[in-house]
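Inspection log for the structure reproduced underneath, given as structure tokens.
2 protein chains.
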Amino acid sequence: MANIQQIAKRAGVSVATVSRVLNHATSVSPKTRSKVEEAIKELNYEPSMLGRNLRNSESRLLLVLLPTIANPFYTEIINGIQDTAIASDYNILLCETDSKPERENIYFNMVKNKLADGVISMDPTVNMQRLNELAEHYPVILCSEYEEKGDIPYITVDSELAAYQAVKHLIKLGNEKIALITSDEKFLYARMRRLGYERALKEFDLPIRDEWIYHTKGLEFQYGVHAMRMLLKQEDKPTAVFAVSDTLAIGALKAINMERESSDPIAIVGFDNISFSSMTNPTLTTISQPMYTMGCQATEMLLGRIKGEKVENIVLDHELIIRESTMV
Amino acid sequence: MANIQQIAKRAGVSVATVSRVLNHATSVSPKTRSKVEEAIKELNYEPSMLGRNLRNSESRLLLVLLPTIANPFYTEIINGIQDTAIASDYNILLCETDSKPERENIYFNMVKNKLADGVISMDPTVNMQRLNELAEHYPVILCSEYEEKGDIPYITVDSELAAYQAVKHLIKLGNEKIALITSDEKFLYARMRRLGYERALKEFDLPIRDEWIYHTKGLEFQYGVHAMRMLLKQEDKPTAVFAVSDTLAIGALKAINMERESSDPIAIVGFDNISFSSMTNPTLTTISQPMYTMGCQATEMLLGRIKGEKVENIVLDHELIIRESTMV
DNA sequence: GAAATAAATGTAATCGATTACAATTCGATT
DNA sequence: AATCGAATTGTAATCGATTACATTTATTTC
Numbered sequence: 241m242a243n244i245q246q247i248a249k250r251a252g253v254s255v256a257t258v259s260r261v262l263n264h265a266t267s268v269s270p271k272t273r274s275k276v277e278e279a280i281k282e283l284n285y286e287p288s289m290l291g292r293n294l295r296n297s298e299s300r301l302l303l304v305l306l307p308t309i310a311n312p313f314y315t316e317i318i319n320g321i322q323d324t325a326i327a328s329d330y331n332i333l334l335c336e337t338d339s340k341p342e343r344e345n346i347y348f349n350m351v352k353n354k355l356a357d358g359v360i361s362m363d364p365t366v367n368m369q370r371l372n373e374l375a376e377h378y379p380v381i382l383c384s385e386y387e388e389k390g391d392i393p394y395i396t397v398d399s400e401l402a403a404y405q406a407v408k409h410l411i412k413l414g415n416e417k418i419a420l421i422t423s424d425e426k427f428l429y430a431r432m433r434r435l436g437y438e439r440a441l442k443e444f445d446l447p448i449r450d451e452w453i454y455h456t457k458g459l460e461f462q463y464g465v466h467a468m469r470m471l472l473k474q475e476d477k478p479t480a481v482f483a484v485s486d487t488l489a490i491g492a493l494k495a496i497n498m499e500r501e502s503s504d505p506i507a508i509v510g511f512d513n514i515s516f517s518s519m520t521n522p523t524l525t526t527i528s529q530p531m532y533t534m535g536c537q538a539t540e541m542l543l544g545r546i547k548g549e550k551v552e553n554i555v556l557d558h559e560l561i562i563r564e565s566t567m568v
Numbered sequence: 241m242a243n244i245q246q247i248a249k250r251a252g253v254s255v256a257t258v259s260r261v262l263n264h265a266t267s268v269s270p271k272t273r274s275k276v277e278e279a280i281k282e283l284n285y286e287p288s289m290l291g292r293n294l295r296n297s298e299s300r301l302l303l304v305l306l307p308t309i310a311n312p313f314y315t316e317i318i319n320g321i322q323d324t325a326i327a328s329d330y331n332i333l334l335c336e337t338d339s340k341p342e343r344e345n346i347y348f349n350m351v352k353n354k355l356a357d358g359v360i361s362m363d364p365t366v367n368m369q370r371l372n373e374l375a376e377h378y379p380v381i382l383c384s385e386y387e388e389k390g391d392i393p394y395i396t397v398d399s400e401l402a403a404y405q406a407v408k409h410l411i412k413l414g415n416e417k418i419a420l421i422t423s424d425e426k427f428l429y430a431r432m433r434r435l436g437y438e439r440a441l442k443e444f445d446l447p448i449r450d451e452w453i454y455h456t457k458g459l460e461f462q463y464g465v466h467a468m469r470m471l472l473k474q475e476d477k478p479t480a481v482f483a484v485s486d487t488l489a490i491g492a493l494k495a496i497n498m499e500r501e502s503s504d505p506i507a508i509v510g511f512d513n514i515s516f517s518s519m520t521n522p523t524l525t526t527i528s529q530p531m532y533t534m535g536c537q538a539t540e541m542l543l544g545r546i547k548g549e550k551v552e553n554i555v556l557d558h559e560l561i562i563r564e565s566t567m568v
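The listed protein sequences derive, respectively, from chains A and B.
Residues 241 to 568 in the numbering used here are what the first sequence spells out, letter by letter.
Residues 241 to 568 in the numbering used here are what the second sequence spells out, letter by letter.
Laid out in structure tokens, this is it:
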């Protein structure tokens with residue numbers, strides 16, 4: 241692969257002139273410009289990002305931290321991030337941590353090593369202390385999962401309110417025994433959604449019963465299946481379920497479908513509006529987050545930080561999507 | 241952020257010695273080593289990948305090209321790629337092309353620019369001519385979708401055989417009217433799966449009817465729904481369907497579920513064994529590809545190419561997973 | 001046509017690492 | 001104590017770009 245020297249020699253100019261042709265096009269005469277462009281074409285030259293980035297000490301790469309791409313919740317957010325990044329000549333590096341600290345370390349080091357210019361973290365399992373340390377020196381944005389009193393700018397939705405509305409919807413349908421399928425409460429979103437759940441129950445003087453609150457070990461379908469089976473085993477069964485994630489809700493639906501005898505219908509509400517949620521039978525009532533927008537705005541925030549600007553936290557609006565799973 | 245000069249000064253040694261401490265640890269006395277290590281710790285130093293990579297002219301980044309991460313088919317493959325890459329101190333850059341040529345260009349340029357050391361393409365929509373040109377100068381591997389007579393090494397499964405077995409399974413269940421839901425036949429996998437479908441029908445002297453072969457515009461759920469609706473509209477309805485992708489098959493299932501009156505059950509087989517396929521109602525019979533393995537081996541092939549080795553094409557085994565959708 | 005000004009181009013330092021080669025130090029051997 | 005060889009450390013070139021500053025060339029003005 242040709243380098244800038246060879247182009248310069250071939251065009252009979254200096255490397256500076258070649259560089260000028262490549263970048264801020266000012267101050268180079270049409271004749272030399274075309275000579276250089278010709279040389280570039282002839283030698284099939286592509287400027288090395290490595291050299292450029294070293295000199296400019298930037299990589300134009302953004303890190304996107306997420307626990308796993310298997311959760312479809314992230315796909316639309318990522319599309320938003322990607323589109324916005326590319327529009328500003330940045331690229332993104334999708335980093336699955338699989339909730340493993342050693343992976344996290346690798347990615348944090350990439351930022352320190354100047355291999356990435358900033359980070360958008362969507363990973364609830366991230367080590368917040370280490371992330372905060374990183375954020376002292378490098379641009380970092382939290383997306384979706386965030387820290388309430390932290391210093392890192394975030395974009396998210398009002399999980400508490402959304403959960404409250406979801407559960408209120410179930411109550412309005414006449415349900416008085418409403419279960420919650422949630423994940424580990426070390427995650428803020430889980431705590432917030434539980435608070436919303438409890439607020440709705442309290443408001444309508446319904447009891448909050450511990451045996452109707454099931455904590456799962458993860459968000460994969462099978463945990464939803466298992467959680468629902470546990471709830472169905474109880475002598476006093478809930479008539480409705482709010483799950484903090486569509487994946488869990490879909491697993492719960494599956495468990496209900498498998499229990500042929502349980503003829504009393506159980507209403508279900510999920511959270512995220514993943515694409516699969518309209519393919520289930522029945523289709524799933526859920527909370528829709530503006531995921532694409534969230535991705536776009538998170539990226540704009542990050543690009544702002546990279547430029548050294550101050551950015552404000554953002555809380556986006558959500559929406560309750562009513563489908564068959566609460567129409568039984 | 242400190243650089244290697246500052247460490248050298250602080251430790252009272254030359255940059256060469258610092259570099260030696262960082263890399264091939266030989267030939268540096270214990271005393272100097274600990275002096276240097278102390279300086280590194282004190283200044284909180286992290287070597288810049290940019291400088292290192294420029295000098296070594298490698299980036300230790302692998303590009304993974306795929307049309308979209310929204311198709312769960314890719315998630316397990318990506319896990320395999322990622323694990324293998326990380327084990328060899330490489331990282332991966334997930335590149336969604338969204339089937340847009342301009343995106344593709346960006347990513348190809350990253351390789352030419354030395355920002356990535358090689359490419360694994362899983363994108364059926366990739367511009368094969370341009371990819372072939374790239375492959376003349378840079379390491380490239382095809383994963384899943386491939387080119388039969390091309391020069392680029394590939395890893396895949398035998399789509400024709402898998403399709404043949406899937407359709408044969410439907411025939412053995414007594415179905416004689418078997419429809420095919422497939423995507424655009426510009427993709428090799430679609431052509432191969434159609435061939436398998438036709439081979440099975442021919443073998444059992446069943447007619448191949450054009451009106452039972454439906455071509456979709458994409459692999460998203462809704463295209464499967466639409467395809468099935470079209471098939472159900474026909475006066476002579478098929479009794480079974482083979483779809484070339486689980487996403488299409490799940491959409492087809494949905495369409496069938498929505499047609500309350502159509503009481504005659506329709507058997508369905510998909511392809512890929514994505515995680516959703518065991519969450520549908522009924523659960524989906526499908527072809528399982530060893531996706532994780534495929535990702536691992538694709539990466540090993542690519543790393544081989546990067547080292548300059550020759551690598552052989554690989555065809556992995558698949559498996560028919562029989563579930564409820566063919567047990568009606 | 002000479003001087004002043006503007007435009008175009010070149011020279012060389014720089015970014016942060018690696019590494020061939022040279023120089024130095026050290027200990028062992030005689 | 002002198003010599004030799006091995007081990008350690010340093011010097012400086014290098015990777016491929018960008019850019020401040022210097023220099024050359026072209027254009028304008030009187």
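All residues carry an ideal CB built from backbone N, CA and C; glycine is no exception.
Using a Cβ-Cβ distance under 9 Å, would Gly-510(A) count as near chain B?
Not an interface residue.
According to DSSP, which residues form a beta bridge with His-264(A)?
None, per the DSSP bridge assignment.
Could you give the residue range of the beta strand (DSSP E) that holds Ile-418(B)?
Its beta strand (DSSP E) spans residues 418-422.
What are the start and end residues of each continuous alpha helix (DSSP H) run of 4 or more residues lying completely inside the stretch 391-419 of chain B, in chain order?
Here the runs fully enclosed are 399-412.
With DSSP run on the structure shown, which of helix, strand or coil describes Tyr-330(B)?
Coil at Tyr-330(B), not helix or strand.
Indicate whether at least one CB of chain A lies closer than 9 Å to the CB of His-409(B).
Chain A, which has no Cβ nearer than 9 Å to the Cβ of His-409(B), makes this no.
With a Cβ-Cβ cutoff of 9 Å, do Cys-335(A) and Leu-294(A) count as a contact?
Going by C-beta atoms, Cys-335(A) is not nearer than 9 Å to Leu-294(A).
Identify, in the order they occur along the chain, each residue of the same chain with its Cβ nearer than 8 Å to the Cβ of Asn-331(A), setting aside the five sequence neighbours on each side.
Cβ neighbours of Asn-331(A) beyond the five flanking positions: Arg-300, Leu-301, Leu-302, Ala-325.
Report yes if the C-beta distance between Asn-521(B) and Asn-513(A) is below 9 Å; otherwise report no.
Against a cut-off of 9 Å, the Cβ pair of Asn-513(A) and Asn-521(B) comes out as no contact.
With distances taken from CA atoms, which of Asp-357(A), Ser-384(A), Asn-345(A) is nearest Asp-363(A)?
Considering only alpha carbons, the answer is Ser-384(A).
In angstroms with no decimal places, state the Cα-to-Cα distance between Val-465(A) and Thr-533(A).
One C-alpha to the other measures close to 31 Å.
Determine the direct distance from the alpha carbon of Arg-260(A) to that of Gln-246(A), and round the result to whole angstroms.
Roughly 15 Å separates the two Cα atoms.
Are Thr-272(B) and Val-253(B) touching if we call contact CB-CB under 9 Å?
A contact, by the Cβ cut-off of 9 Å.
Which residue marks the beginning of the alpha helix (DSSP H) containing Gly-358(A), and which one marks its end?
Unbroken run through Gly-358(A) is the beta strand (DSSP E), 358-361; no alpha helix (DSSP H).
In the DSSP assignment, find the unbroken beta strand (DSSP E) run with Val-509(B) in it and report its ends.
Unbroken beta strand (DSSP E) run through Val-509(B): 507-512.
Does the beta carbon of Gln-322(A) come closer than 9 Å to any beta carbon on chain B?
At least one chain B Cβ lies under 9 Å of Gln-322(A).
Just to make sure I have the definition right: I need the residues of chain B whose C-beta is within less than 7 Å of the C-beta of Gly-291(A). Which are they?
Within chain B, the residues near Gly-291(A) are Leu-294.
Hey, is Leu-488(A)'s beta-carbon within less than 9 Å of any beta-carbon in chain B?
With 9 Å as the cut-off, Leu-488(A) does not count as an interface residue toward chain B.
Is Ala-375(B) close to chain A, meaning its C-beta is less than 9 Å from at least one C-beta of that chain?
No, because no Cβ of chain A sits closer than 9 Å to the Cβ of Ala-375(B).
Please list the residues of the stretch 517-532 of chain B that have a C-beta atom closer than 7 Å to any C-beta atom in chain A, keeping them in chain order.
Residues passing the 7 Å Cβ filter: Met-519, Asn-521.
Provide the residue(s) that pair with Leu-382(A) in DSSP beta bridges, ordered along the chain.
The partner list for Leu-382(A) (beta bridge, DSSP) reads Ser-361(A), Tyr-394(A).
Cβ closer than 8 Å: which chain B residues qualify as neighbours of Ile-360(A)?
Per Cβ cutoff of 8 Å: no residues; Ile-360(A) is ~14 Å from chain B at best.
Can you check whether the C-beta of Thr-456(A) is within less than 9 Å of a C-beta belonging to chain B?
Closer than 9 Å: no.
What would DSSP say about Leu-303(B), mapped onto helix, strand or coil?
Of the three classes helix, strand and coil, the one that applies to Leu-303(B) here is strand, per DSSP.
I need the boundaries of the alpha helix (DSSP H) containing Thr-533(A), first residue and last residue.
Where Thr-533(A) is concerned, the enclosing alpha helix (DSSP H) stretches over 531-546.
Does the CB of Gly-491(A) have a neighbour CB from chain B at under 9 Å?
Yes, Gly-491(A) lies at the interface with chain B (some Cβ there is under 9 Å from its Cβ).
Below 8 Å, how does it come out for the stretch 369-383 of chain A and the stretch 371-378 of chain B: are there three or more Cβ pairs, yes or no?
Contact between the stretch 369-383 of chain A and the stretch 371-378 of chain B is absent, because fewer than three Cβ pairs lie under 8 Å.
Go ahead and pull the three-state DSSP assignment for Ala-483(B).
Residue state, collapsed to three classes: strand.
According to DSSP, simplified to helix, strand and coil, what is Ser-565(B)?
Ser-565(B): helix per DSSP, three-state reduction.
Does any residue of chain A bring its CB to less than 9 Å from the CB of Pro-312(B)?
Judged by the 9 Å Cβ criterion, Pro-312(B) is in contact with chain A.
Report yes or no: is there a C-beta of chain B within less than 9 Å of the C-beta of Ile-318(A)?
Yes, Ile-318(A) lies at the interface with chain B (some Cβ there is under 9 Å from its Cβ).
Could you give the residue range of the beta strand (DSSP E) that holds Tyr-454(B)?
Its beta strand (DSSP E) spans residues 453-455.
Give me whichever residues DSSP pairs with Glu-556(A) in a beta bridge.
The sequence as given places Leu at residue 556(A); Glu does not occur at that position. Bridge partners of Leu-556(A): Val-397(A).
Note down the Cα distance separating Leu-524(A) from Tyr-437(A), rounded to an integer number of angstroms.
Leu-524(A) and Tyr-437(A): Cα-Cα distance of roughly 18 Å.
Would Glu-460(B) pass as an interface residue toward chain A - the criterion being a Cβ-Cβ separation below 9 Å?
Cβ-Cβ to chain A under 9 Å: yes for Glu-460(B).
Find the nearest neighbour of Leu-441(A) within the set Glu-400(A), Ser-517(A), Asp-329(A), judged by alpha-carbon distance.
Taking only the C-alpha atoms, the option nearest Leu-441(A) is Glu-400(A).
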